[in-house]
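Everything on this sheet refers to the single structure shown next.
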């Protein structure tokens, strides 16, 4: 069981879209926090699937420690 501080971030936009929340979450993870992001799907069609990203109803992925 981890004693790391747990942080839940709820936002409309997240990776692969480019917003400051990506950097904030990455910094929390670097500080040893356990960061979970609850977000929607990207606003555009993804033709190329990025590593660790899958489209679906419910997904659990880890990107840059978040």
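Residue numbers (this note's numbering): 783 to 848.
Where a beta carbon is used, it is the ideal one built from N, C-alpha and C, also for glycine.
If you're wondering where the values come from, they're calculated on a predicted model, not measured in any experiment.
* Asked: What is the DSSP secondary structure of residue 845, counted as helix, strand or coil?
  -> For the purposes of this step, residue 845 is taken as the residue at position 63 of the chain shown. Reduced to three states, the DSSP call for residue 845 is coil.
* Considering only residues of the same chain and omitting the five flanking positions on each side of residue 847, which have a CB-CB separation below 6 angstroms? -> For the purposes of this step, residue 847 is taken as residue 65 along the chain shown, with counting starting at 1. Apart from the 5 residues on each side of it in sequence, residue 847 sits with its Cβ closer than 6 angstroms to the Cβ of 811 in its chain, given in chain order.
* Taking residue 788 as the reference, give the member of 805, 845, 821 and 813 with the closest Cα. => The count along the chain shown starts at 1 and reaches residue 788 at position 6. Ranking the options by Cα distance to residue 788, first place goes to 813.
* **Continuous alpha helix (DSSP H) stretch holding residue 809: start and end** => The sequence position of residue 809 within the chain shown is 27, counting from 1. First-last of the alpha helix (DSSP H) with residue 809: 802-812.
* **Backbone secondary structure at residue 799 - three-state DSSP** => As a position in the chain shown, residue 799 is number 17, starting the count at 1. Coil, per DSSP.
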